[in-house]
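Asker: Residue numbers (the working numbering): 142 to 545.
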Ligand SMILES: Cc1ncc(COP(=O)(O)O)c(C=O)c1O
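This is how it looks when you write it as structure tokens:
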């Protein structure tokens with residue numbers, strides 16, 4: 142059998158594998174605690190559910206324009222005005238099947254084979270694979286000072302003759318780091334000077350803590366019209382807990398949006414009509430669910446960080462936003478994949494290995510679950526890793542005895 146080089150170059154994600162193992166264990170009745178997830182557990186806003194259901198009830202569920210229904214594009218324009226202080230036209234907006242598709246289609250519109258896209262490390266697992274799917278090359282940029290906060294010089298050093306684009310995801314999955322306004326301003330300036338596309342993956346921009354405010358890259362742009370190479374990506378998945386609806390969007394210069402629309406029209410056509418109406422309901426409706434999710438996450442972050450700080454040898458950088466904490470577990474072994482498997486096998490706690498996100502020795506621990514899951518999960522991890530801990534631990538009514 143023969144398969145494409147690109148197809149074969151896309152590895153099965155060990156994250157998915159861990160998820161599958163955890164699901165199998167759960168199906169067998171094992172008390173697995175899932176601290177590996179990437180979705181809030183709250184319900185979507187009522188306005189979203191009602192709007193989606195209303196379209197379903199009408200029975201008029203048809204194809205939509207490839208770039209999304211006009212009403213949703215209008216809501217995205219209002220969102221861009223409110224959160225980015227930037228006015229755009231419908232021709233500057235495309236609605237896609239999640240922020241994921243928006244980024245993928247943007248890269249397909251931008252990259253030629255062998256061309257490079259840069260992104261700070263640690264990075265979201267999909268960026269390198271998306272670059273590969275375009276025949277391009279993903280180039281991670283590790284901050285030289287060992288922090289989660291890159292300096293402009295780190296990025297500058299990696300720009301070469303083949304560089305076409307930069308992706309900035311702030312706050313960042315997996316580190317939770319929100320980059321400073323100065324850094325974003327520097328990146329905007331650098332990309333304008335070097336004529337590079339800048340894709341801002343802002344999917345977590347409202348889920349930020351300690352009084353921080355979302356940052357708009359537009360405020361630093363000198364080029365704001367059709368000569369701009371700034372692309373803003375966002376969506377309803379995280380902020381409105383609507384991961385299953387699969388609606389995201391991109392805002393950018395008309396020519397790029399036109400090419401993205403052409404690509405999307407042959408790839409998937411417009412996103413699901415029902416989901417677009419639900420997303421419109423979320424964007425146009427009561428916004429209180431976003432703040433309530435944000436506050437819940439901030440509390441969970443505080444609980445998680447306080448507990449992790451009691452682990453001897455573990456280094457924790459307090460997340461500024463998102464629902465992930467990327468802790469340095471090198472004191473417990475060099476291989477994060479081995480450590481994640483060990484924790485799942487021994488104490489049934491699922492966390493994600495840092496190697497997947499481009500930084501070995503770390504574990505990504507999600508705090509989007511319940512506080513009970515967070516506290517119990519971390520307690521189990523501590524027991525598994527602390528040689529001084531008592532020899533026995535109860536998981537519900539099941540007694541675990543240390544055999545390692
Ligand atoms: C950094 C980042 N960007 C984009 C996405 C994709 O979001 P969506 O569900 O809108 O496709 C995710 C989802 O995990 C993410 O973590």
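We put the CB at the ideal spot given by N, CA and C, even for glycine.
Here the structure is a predicted model, which means the values were calculated and not measured.
#1: Buried or exposed: where does residue 144 fall if 16 or more other Cβ atoms within 10 Å of its Cβ makes it buried?
#2: Check whether the Cβ atoms of residue 514 and residue 176 sit closer than 8 Å, and answer yes or no.
#3: Based on DSSP bridge pairs, tell me the residues matched to residue 304.
#4: Within the same chain, show all residues whose beta-carbon is closer than 6 Å to that of residue 534, passing over the 5 residues directly before and after it, in chain order.
#5: Here's a check: name, in chain order, each residue in its chain whose Cβ is nearer than 7 Å to the Cβ of residue 191, leaving out the five neighbours to either side.
#6: Any chance the CB of residue 344 is under 7 Å from a heavy atom of ligand 1?
#7: Run through the region 434-497 for me and flag every whole beta strand (DSSP E) of 3 or more residues, listed as ranges in chain order.
#8: Ligand 1 and residue 241: does the residue's C-beta get closer than 7 Å to at least one heavy atom of that ligand?
#9: Checking 8 Å against the spacing of the C-beta atoms, do residue 577 and residue 243 come in under that value?
#10: Is any heavy atom of ligand 1 found at a distance shorter than 7 Å from the C-beta of residue 179?
#11: Exposed or buried, what is residue 205 when buried is set at 16 or more other beta-carbons lying within 10 Å of its beta-carbon?
#12: What is the DSSP secondary structure of residue 540, reduced to helix, strand or coil?
#13: Going by DSSP, what residue range makes up the alpha helix (DSSP H) through residue 335?
#14: Roughly how many whole angstroms lie between the Cα atoms of residue 251 and residue 170?
#15: Assign residue 353 to buried or exposed, taking buried as 16 or more other Cβ atoms, counted over all protein chains shown, within 10 Å of its Cβ.
#16: Just to confirm the assignment: which complete alpha helix (DSSP H) runs, minimum length 4, are found wholly within the region 230-295?
#17: DSSP on residue 418, reduced to helix/strand/coil?
#18: Would DSSP call residue 534 helix, strand or coil?
#19: Tell me whether residue 390 counts as near ligand 1, meaning its Cβ is closer than 7 Å to at least one heavy atom of that ligand.
#20: Along the beta strand (DSSP E) that carries residue 142, what are the first and last residues, could you check?
#21: Checking 8 Å against the spacing of the C-beta atoms, do residue 240 and residue 415 come in under that value?
Answerer: The answer reads as follows:
#1: Exposed: under 16 other Cβ atoms inside 10 Å.
#2: A contact, by the Cβ cut-off of 8 Å.
#3: 257
#4: 524 and 541
#5: Excluding sequence neighbours, residue 191 sits near 422.
#6: At a cut-off of 7 Å, the beta-carbon of residue 344 counts as near ligand 1: some heavy atom of the ligand is closer than that.
#7: 465-469
#8: A heavy atom of ligand 1 is found nearer than 7 Å to the CB of residue 241.
#9: The question about residue 577 has no answer here: the residues shown for the chain are numbered 142 through 545.
#10: yes
#11: buried
#12: strand
#13: 322-335
#14: 47 Å
#15: exposed
#16: Whole alpha helix (DSSP H) segments, 4+ residues: 239-251 and 267-274.
#17: The DSSP-derived three-state label of residue 418 is helix.
#18: Under the three-state reduction of DSSP, residue 534 is assigned to strand.
#19: no
#20: First-last for residue 142: undefined, no H or E at that position.
#21: No, the Cβ-Cβ distance between residue 240 and residue 415 is not below 8 Å.
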